[in-house]
Amino acid sequence: MKQIKLNKSSVSLPECWEELSFKQKLFSFGVLIRVMTGDLRDRPHKGLIYLLIYFTGYRPSIRIWTKFLALSHFYQRLAWVCLRNIPFLFKYGRKEYVSYLQLWKKNNRPDPDAETKQREIINFNLLRLAEQLKFIYTIDSENHKIIPQYDFHTNPFPYIKIGKRKYWGKRFELDITAKTDISAREFVDCADLMGAMDKMSTDEEKQECINQICAILYPRYSNYTKNMVSGHNKAMRKINPVLKFGIVYWFTSVFKFYTEHEIYSLLFKGDKQPENEGKVRLGNEVILMLQREGYGLPDTMNLNDYFDAQIKHLKDVINKALGEGIKPFDIARKTGISIDVINKL
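The sequence shown begins at 294 in the working numbering and counts up one residue at a time.
Here you go:
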């Protein structure tokens, strides 16, 4: 937690997903949905303020109470001026006395815009405080867009409950190294489902893809094939949609870890054809190839082993080709792998 000092107190702000409770995570993902696709899309700063208030309970002073105190102080001063200037009343008469009081009231009445100005200062300070919550999303003010953050160190939802039954989720822990029990098959199928989801035309079809992803990441049976044919994805329809969004969002962070990894990212770089740019070219055919090469079965192959095996296989293929006298340019032309990647390997 980060301690932020205020004028007369301090607030504690969370710095990562792991410091949030289950309810706070659900609330955060709910705000994130609204910011990415909902009513807060054009007002992402308001989403940050919602998060700040929910996490800390911090609110600025109530304007009605502040206004009441200011008016009370004004009328106390007015009463004192009336009493102090009674000799003026006897000397110059009632008309002059009333004119003097009216002039005093005009010059000393609280500024009607003071509340608005004070509110603007409070809102500005509140927003600056909310912008310290950088682990959920940040705002690119220059380009008018939000930047979602995927900084998870563990699965934000270790298990989910459907009725009275718990289903434990897959683990992906980022420490010095990445530790996971996600298999190669599970990763590839979830990645394929995410790609298919973008092509779906109806919300019902997209939700079925999400249900399938959740069924893979929170399996009913340890046997992958048995889990996939068990109808477990239909049970996922009962889960809170915000929770399902959070699960898919977390898997996106796992996906980004490998696609942006210093070494593993080489596997995602090939030809620069417009239709292939940014597309994951790893799939079940790669798994079958690794299985034939003796690297293990896809259903039980650990995800890190899956990528390590591909890197090793790719190095072997390139080294063999270079040993046979084939030039890097020809290897790049035939395989679609860029010369830069070939040189790094």
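Glycine included, each C-beta is placed from N, C-alpha and C at the ideal position.
None of the values given here were measured: they were computed from a predicted structure.
As assigned by DSSP and simplified to three states, the class of residue i
| i | result |
| --- | --- |
| F315 | helix |
| T473 | strand |
| D468 | coil |
| Y393 | helix |
| E570 | Note that E570 scores a pLDDT of 38, beneath 50, so its modelled location is shaky and nothing firm can be said. |
| D564 | Low confidence applies to D564: its pLDDT is 43, below 50, so where it sits in the model is not reliable, and the reading given next is rough at best. Coil, per DSSP. |
| L575 | Here L575 scores only 46 on pLDDT, less than 50, and its place in the model should not be relied on; the value that follows carries that caveat. Of the three classes helix, strand and coil, the one that applies to L575 here is coil, per DSSP. |
| T330 | helix |
| I619 | coil |
| Y551 | helix |
| K605 | helix |
| N400 | helix |
| P380 | helix |
| D335 | coil |
| N504 | helix |
| D496 | helix |
| I509 | helix |
| I342 | helix |
| Y588 | coil |
| K627 | helix |
| K613 | helix |
| N636 | helix |
| P449 | coil |
| K527 | helix |
| K463 | coil |
| P556 | Residue 556 is actually Ile in this sequence, not Pro. I556: coil per DSSP, three-state reduction. |
| K519 | helix |
| K388 | helix |
| L426 | coil |
| N418 | helix |
| C375 | helix |
| I532 | coil |
| G350 | coil |
| Y514 | coil |
Residues bridged to residue i (per DSSP)
| i | result |
| --- | --- |
| A484 | None; A484 has no bridge partner. |
| S303 | K298 |
| N595 | S476 |
| I432 | I439 |
| R458 | I455 |
CA nearest to the CA of residue i, picked from the options
| i | options | result |
| --- | --- | --- |
| K527 | Y542, Y343, C507 | C507 |
| K318 | V579, G539, V328, T470 | G539 |
| K627 | E553, V328, I611, G616 | I611 |
| N285 | E389, S558, I624, Q500 | No statement about residue 285 is possible, as the shown extent of the chain runs from 294 to 638 and does not include it. |
| V547 | A372, L364, S494, N448 | N448 |
| K454 | M529, D474, M594 | M529 |
| E312 | F348, K298, T330 | F348 |
| I604 | G340, Q369, V634 | V634 |
| N400 | L419, R370, K384 | R370 |
| F622 | I632, Y588, K613 | I632 |
| V481 | L638, F544, F445, G456 | F544 |
| Y551 | I346, S523, A484 | A484 |
| G629 | A471, L560, P441 | L560 |
| R334 | W310, I439, E617 | I439 |
| L445 | K472, E617, H338 | One point to set straight first is that residue 445 is Phe, not Leu, in the sequence displayed. Closest option to F445, Cα to Cα, is K472. |
| Y443 | I429, P451, G456, Q296 | I429 |
| N418 | L345, K549, D609, G331 | L345 |
| H606 | L615, Y588, E617 | Y588 |
Environment of residue i [buried if 16+ CB atoms lie within 10 Å]
| i | result |
| --- | --- |
| P512 | buried |
| P307 | buried |
| E501 | buried |
| I503 | buried |
| K537 | buried |
| N569 | Because the pLDDT at N569 is just 41, under 50, the model does not fix this residue reliably, and the value given afterwards should be weighed accordingly. The residue in question, N569, is exposed, as its Cβ has fewer than 16 Cβ neighbours within 10 Å. |
| Y385 | exposed |
| L396 | exposed |
| R574 | Below a pLDDT of 50, predicted positions are generally treated as unreliable, and R574, at 43, falls in that range; no measurement from the model is reported. |
| L364 | exposed |
| M582 | exposed |
| Q505 | buried |
| G462 | buried |
| M594 | buried |
Whole-Å CB distance - residue i paired with residue j, under 8 Å assumed
| i | j | result |
| --- | --- | --- |
| S476 | Y517 | 7 Å |
| R464 | P591 | 19 Å between Cβ atoms; not a contact. |
| V535 | F322 | 5 Å |
| M329 | P441 | 7 Å |
| L341 | E424 | 6 Å |
| P337 | I469 | With a Cβ gap of about 34 Å, P337 and I469 do not count as contacting. |
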